[in-house]
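Q: From first to last, the protein sequence lines stand for chains A and B.
Residue numbering for the first sequence follows my numbering, starting at 18 and increasing by one per position.
Residue numbering for the second sequence follows my numbering, starting at 18 and increasing by one per position.
Think of the CB as a built atom: it goes at the ideal place given N, C-alpha and C, for glycine as much as any other residue.
As the structure is a prediction and not an experimental result, all values here were calculated from the model.
Before I ask anything, let me first share the structure, which is written out below as structure tokens.
Protein chains: 2
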Amino acid sequence: MKVIDGSKVIHSFKSDMEPVEKVNPKEIFKVCTNDCFHGQLIREDQTFGELDYSLFNPATGPIYIEGAEAGDLLKVKILDIQVPSKGVSVTVPKEGVLGNKVTKALTKIIEIKDGSCNYNGIQIPIRPMIGVIGVAPKEGEYDTATPWKHGGNMDTADIGIGSTLYFPVNQKGALLALGDCHALMADGEIACSGLEIAAEVILQVDVIKGKEIAWPLVETDDYTMVIASGDTLDEAVYAASDEAVKYLAKGLNMSWEEAYILASLAVDIRISQLVDPKLTVRAVIPKRILETQKIIRSL
Amino acid sequence: MKVIDGSKVIHSFKSDMEPVEKVNPKEIFKVCTNDCFHGQLIREDQTFGELDYSLFNPATGPIYIEGAEAGDLLKVKILDIQVPSKGVSVTVPKEGVLGNKVTKALTKIIEIKDGSCNYNGIQIPIRPMIGVIGVAPKEGEYDTATPWKHGGNMDTADIGIGSTLYFPVNQKGALLALGDCHALMADGEIACSGLEIAAEVILQVDVIKGKEIAWPLVETDDYTMVIASGDTLDEAVYAASDEAVKYLAKGLNMSWEEAYILASLAVDIRISQLVDPKLTVRAVIPKRILETQKIIRSL
Numbered sequence: 018m019k020v021i022d023g024s025k026v027i028h029s030f031k032s033d034m035e036p037v038e039k040v041n042p043k044e045i046f047k048v049c050t051n052d053c054f055h056g057q058l059i060r061e062d063q064t065f066g067e068l069d070y071s072l073f074n075p076a077t078g079p080i081y082i083e084g085a086e087a088g089d090l091l092k093v094k095i096l097d098i099q100v101p102s103k104g105v106s107v108t109v110p111k112e113g114v115l116g117n118k119v120t121k122a123l124t125k126i127i128e129i130k131d132g133s134c135n136y137n138g139i140q141i142p143i144r145p146m147i148g149v150i151g152v153a154p155k156e157g158e159y160d161t162a163t164p165w166k167h168g169g170n171m172d173t174a175d176i177g178i179g180s181t182l183y184f185p186v187n188q189k190g191a192l193l194a195l196g197d198c199h200a201l202m203a204d205g206e207i208a209c210s211g212l213e214i215a216a217e218v219i220l221q222v223d224v225i226k227g228k229e230i231a232w233p234l235v236e237t238d239d240y241t242m243v244i245a246s247g248d249t250l251d252e253a254v255y256a257a258s259d260e261a262v263k264y265l266a267k268g269l270n271m272s273w274e275e276a277y278i279l280a281s282l283a284v285d286i287r288i289s290q291l292v293d294p295k296l297t298v299r300a301v302i303p304k305r306i307l308e309t310q311k312i313i314r315s316l
Numbered sequence: 018m019k020v021i022d023g024s025k026v027i028h029s030f031k032s033d034m035e036p037v038e039k040v041n042p043k044e045i046f047k048v049c050t051n052d053c054f055h056g057q058l059i060r061e062d063q064t065f066g067e068l069d070y071s072l073f074n075p076a077t078g079p080i081y082i083e084g085a086e087a088g089d090l091l092k093v094k095i096l097d098i099q100v101p102s103k104g105v106s107v108t109v110p111k112e113g114v115l116g117n118k119v120t121k122a123l124t125k126i127i128e129i130k131d132g133s134c135n136y137n138g139i140q141i142p143i144r145p146m147i148g149v150i151g152v153a154p155k156e157g158e159y160d161t162a163t164p165w166k167h168g169g170n171m172d173t174a175d176i177g178i179g180s181t182l183y184f185p186v187n188q189k190g191a192l193l194a195l196g197d198c199h200a201l202m203a204d205g206e207i208a209c210s211g212l213e214i215a216a217e218v219i220l221q222v223d224v225i226k227g228k229e230i231a232w233p234l235v236e237t238d239d240y241t242m243v244i245a246s247g248d249t250l251d252e253a254v255y256a257a258s259d260e261a262v263k264y265l266a267k268g269l270n271m272s273w274e275e276a277y278i279l280a281s282l283a284v285d286i287r288i289s290q291l292v293d294p295k296l297t298v299r300a301v302i303p304k305r306i307l308e309t310q311k312i313i314r315s316l
């Protein structure tokens with residue numbers, strides 16, 4: 018199995034990037050990721066202010082997928098996320114939803130063992146996920162802190178073990194990169210960090226030819242989710258809802274208005290994160306109503 | 018069992034209201050509710066525009082709960098929501114998250130049978146819930162379309178069978194009223210309606226003396242949720258997060274900053290509805306981390 022080591026990182030997704038590795042469709046490979054602080058925060062007496070921010074949010078890659086071309090879909094199955102024995106979580110004055118109430122910076126080193134983390138003596142089951150994952154954008158450059166149509170810092174709790182992502186391929190080889198894993202994160206990530214870890218991620222990729230999507234999708238056992246971002250929560254909600262209703266209308270062969278009503282009954286709009294440079298939500302389409310493969314076939 | 022019939026309705030929650038019935042703590046009683054259109058929309062060829070809007074969102078009540086006084090908590094357990102054999106769902110130009118894309122009004126009469134509804138031939142399991150439920154506010158008047166600290170049109174999918182609500186009591190007798198039930202509604206309610214039904218609701222109330230909360234809570238098997246509303250989604254998110262972090266800090270005896278980090282890891286911020294005069298979200302505290310009763314004891 019190919020292993021892409023954690024020293025090969027990018028800090029922005031660009032339309033033009035030099036790949037560090039090549040993999041084939043259906044190939045299984047390992048990606049070693051760094052935590053969002055790039056390993057700088059290892060003791061509770063360290064303050065956030067003394068860190069080098071320019072190193073934040075490294076994404077390992079880019080990885081060239083053979084046969085992927087603009088106008089295709091890149092399918093990325095997350096086979097495993099191997100977590101270390103500890104992670105870190107922080108709060109910083111002015112940061113997050115309640116930033117105006119934070120009076121001091123706090124760093125918590127949190128132990129992880131047997132599928133749970135220990136927070137002040139409270140055992141909480143972990144739910145490992147990938148915070149930053151994306152491909153080369155159509156044009157321009159997006160720093161790895163920012164989510165957008167190419168993916169990036171989507172901070173979506175459902176991007177976990179067993180889920181499958183679908184990205185629009187914008188450039189030859191797709192140029193996949195990932196990092197910023199969390200052992201645990203709640204919808205919203207209100208204080209600006211999850212349980213930040215350097216994880217080893219096992220992936221399998223595939224290419225679906227000639228199918229285009231506007232925003233990344235994540236497929237879980239029961240749902241297909243449209244992950245959309247915007248400068249405001251309202252913009253993100255609009256984009257995710259708009260895409261989901263289009264999928265319902267096309268995939269179920271009903272009028273747009275009928276699909277809109279159906280979405281109001283059965284498609285949850287969920288918050289992914291509220292704290293990155295753009296905000297992210299997901300529109301959650303039950304597979305029992307419309308299968309992921311049927312959405313993709315209808316594109 | 019007392020039955021409060023659906024002819025006794027209010028269209029706004031006022032600090033000063035005349036009760037239509039009195040019940041005792043621990044008493045079980047039935048409330049007959051009307052749908053949000055007050056039964057005006059019964060055929061698919063009816064258009065929304067021809068309805069009398071002044072009748073919308075009737076809430077059955079107010080119900081006086083003996084022994085409830087300002088500064089107490091009203092506990093309302095939802096024992097059952099009995100659904101009729103059909104409901105209605107609509108879309109209307111300019112209404113909802115994608116209102117600018119709606120080109121025509123559409124009315125769908127939807128059959129409900131054996132725990133599922135039939136939408137264009139698709140069977141979808143129902144999940145009955147109460148859209149409007151609240152008590153007399155501290156002061157002033159709130160129309161029943163609007164959610165706020167007294168409850169009202171919270172349109173929260175978790176206010177369903179088996180859940181328990183906690184309201185701040187602002188006036189003697191609390192003065193509970195409810196209506197606008199849905200057989201099914203997704204988080205967001207993006208097209209402005211759920212599967213609207215006239216339901217019969219079986220409730221049991223109780224009074225918890227001398228405990229105050231800022232926003233209503235709903236308790237389910239696994240979670241305690243703070244339900245907060247605001248003129249913007251950001252305001253609602255701030256209020257719900259703020260309250261949840263306070264509960265964690267107090268209930269778990271940790272610093273505010275430690276509680277803020279914990280919320281970022283384990284307290285989901287979920288959208289309830291995006292379409293009423295104020296928007297509603299909920300902060301979802303897992304009971305495995307902090308029990309509802311422990312929150313209430315710590316108030």
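With DSSP as the reference, please indicate the residues paired to Thr-108(B) in a beta bridge.
A: DSSP output for Thr-108(B) lists Leu-123(B) as bridge partner(s).
Q: Are the CB atoms of Leu-195(B) and Val-218(B) nearer to each other than 9 angstroms?
A: Taking 9 angstroms as the Cβ cut-off, Leu-195(B) and Val-218(B) qualify as a contacting pair.
Q: Go ahead and label Pro-142(A) buried or exposed: buried means 16 or more other beta carbons lie within 10 angstroms of its beta carbon, across all protein chains shown.
A: That one is exposed.
Q: According to DSSP, Ser-300(A) sits in a beta bridge with which residue or residues?
A: Sequence check: residue 300(A) is Ala here, not Ser. Answer by DSSP bridge pairing, in chain order: Val-243(A) and Ile-286(A).
Q: For a contact meaning CB atoms closer than 9 angstroms, what does Asn-137(B) contact in chain A?
A: Correct list: Leu-269, Met-271, Glu-275 and Leu-279.
Q: Okay, do the segment 57-65 of chain A and the segment 145-157 of chain A touch, 3+ Cβ pairs below 8 angstroms being the bar?
A: Output reads no: the segment 145-157 of chain A does not touch the segment 57-65 of chain A.
Q: Could you check whether the Cβ of Arg-60(B) sits closer than 9 angstroms to any Cβ belonging to chain A?
A: By this cut-off, Arg-60(B) is not an interface position.
Q: Give the interface partners of Tyr-11(A) over in chain B, defined as CB-CB distance under 9 angstroms, in chain order.
A: Within the shown structure, residues of chain A are numbered from 18 to 316, placing residue 11(A) beyond reach of any answer.
Q: Identify every residue that forms a DSSP beta bridge with Gly-151(B).
A: Gly-168(B) and Ala-194(B).
Q: Beta-carbon separation of Val-235(B) and Gly-205(A) under 9 angstroms?
A: No.
Q: Going by alpha carbons, who is nearest to Lys-267(B) out of Pro-294(B), Gly-84(B) and Ile-306(B)?
A: Nearest option by C-alpha distance: Ile-306(B).
Q: Asp-223(B) lies in the beta strand (DSSP E); which residues open and close that run?
A: Looking at the DSSP string, the run of the beta strand (DSSP E) that includes Asp-223(B) is 217-225.
Q: Using three-state DSSP, classify Thr-173(B) as helix, strand or coil.
A: Coil.
Q: Taking the beta strand (DSSP E) that Val-93(A) falls in, what are its first and last residues?
A: 90-99 is the extent of the beta strand (DSSP E) around Val-93(A).
Q: Drop a sphere of 10 angstroms on the beta-carbon of Arg-319(B), count the other beta-carbons inside from all chains shown, and report buried for 16 or more, exposed for fewer.
A: Any question about residue 319(B) goes unanswered here, given that chain B covers just 18 to 316.
Q: Let me check understanding here. Comparing Cα to Cα, which of Lys-295(B), Ser-210(B) and Ala-215(B) lies closest to Leu-250(B)?
A: Closest by alpha carbon: Lys-295(B).
Q: Looking only at its own chain, which residues have a Cβ that is under 7 angstroms from the Cβ of Met-34(B), when we skip the five neighbours before and after it?
A: Within the same chain, Met-34(B) has close Cβ partners Ile-27, Pro-79, Ala-153 and Leu-192.
Q: Check whether the segment 157-170 of chain B and the segment 278-297 of chain B touch, using three or more Cβ-Cβ pairs below 8 angstroms as the test.
A: In short, these stretches touch, since the Cβ pair count reaches three.
Q: Residue range of the alpha helix (DSSP H) that Val-40(A) falls in?
A: Where Val-40(A) is concerned, there is no enclosing alpha helix (DSSP H), although the beta strand (DSSP E) it sits in stretches over 38-40.
Q: I believe Val-186(A) touches Pro-42(A) by the beta-carbon criterion, under 8 angstroms. Please report the beta-carbon distance rounded to the nearest angstrom.
A: No, Val-186(A) and Pro-42(A) are not in contact; Cβ-Cβ is about 12 angstroms, not under 8 angstroms.
Q: Alpha carbon to alpha carbon, how far is Gly-132(B) from Ser-32(A)? Give it in angstroms, no decimals.
A: The alpha-carbon atoms of Ser-32(A) and Gly-132(B) are separated by roughly 50 angstroms.
Q: Anyone know if the C-beta pair for Val-100(A) and Thr-124(A) falls short of 9 angstroms?
A: Contact flag unset, no.
Q: Determine, using beta carbons only, whether Met-202(A) comes closer than 9 angstroms to chain B.
A: Answer yes: the Cβ-Cβ gap between Met-202(A) and chain B drops below 9 angstroms somewhere.
Q: Give a yes or no on whether the minimum CB-CB distance between Ser-102(B) and chain A is below 9 angstroms.
A: Judged by the 9 angstroms Cβ criterion, Ser-102(B) is not in contact with chain A.
Q: Check the DSSP bridge columns for Tyr-183(A) and list the partner residues they point to.
A: For Tyr-183(A), which the question treats as bridged, DSSP gives the partners Lys-92(A) and Leu-234(A).
Q: Ile-286(B): buried (16+ other C-beta within 10 angstroms of its C-beta) or exposed?
A: Burial call: buried.
Q: I need the straight-line Cα distance from Lys-118(B) to Gly-179(B), nearest angstrom please.
A: Cα to Cα, Lys-118(B) sits roughly 37 angstroms from Gly-179(B).
Q: Tell me which residues share the same chain as Tyr-136(A) and place their Cβ nearer than 7 angstroms to its Cβ, disregarding the 5 neighbours each side in the sequence.
A: Cβ neighbours of Tyr-136(A) beyond the five flanking positions: Ile-127.
Q: By the 8 angstroms beta-carbon criterion, what residues does the segment 208-238 of chain B contribute toward chain A?
A: Residues Ala-208, Cys-209, Ser-210, Gly-211 and Leu-212.
Q: Hey, quick one: how far does the alpha helix (DSSP H) through Ala-266(B) stretch, first residue to last?
A: Run containing Ala-266(B): 250-268, per the alpha helix (DSSP H) assignment.
Q: By the DSSP assignment, the alpha helix (DSSP H) with Ile-313(B) in it spans what residues?
A: Segment 309-314, the alpha helix (DSSP H) holding Ile-313(B).
Q: Using a Cβ-Cβ cutoff of less than 6 angstroms, which residues in the same chain neighbour Ser-210(A) once the five nearest sequence positions on both sides are dropped?
A: Correct list, in chain order: Ser-106 and Val-107.
Q: Are Ile-312(B) and Thr-237(B) touching if we call contact CB-CB under 9 angstroms?
A: Taking 9 angstroms as the Cβ cut-off, Ile-312(B) and Thr-237(B) do not qualify as a contacting pair.
Q: Provide the residue span of the beta strand (DSSP E) that contains Pro-79(B), from first to last.
A: Unbroken beta strand (DSSP E) run through Pro-79(B): 76-82.
Q: Using 8 angstroms for Cβ pairs, my map puts Lys-92(A) next to Ile-225(A). What's the rounded Cβ distance?
A: Confirmed, Cβ separation roughly 6 angstroms.
Q: For Ile-129(A), tell me which candidate among Thr-120(A), Ala-122(A) and Ile-139(A) has the shortest Cα-Cα distance.
A: Taking only the C-alpha atoms, the option nearest Ile-129(A) is Ile-139(A).
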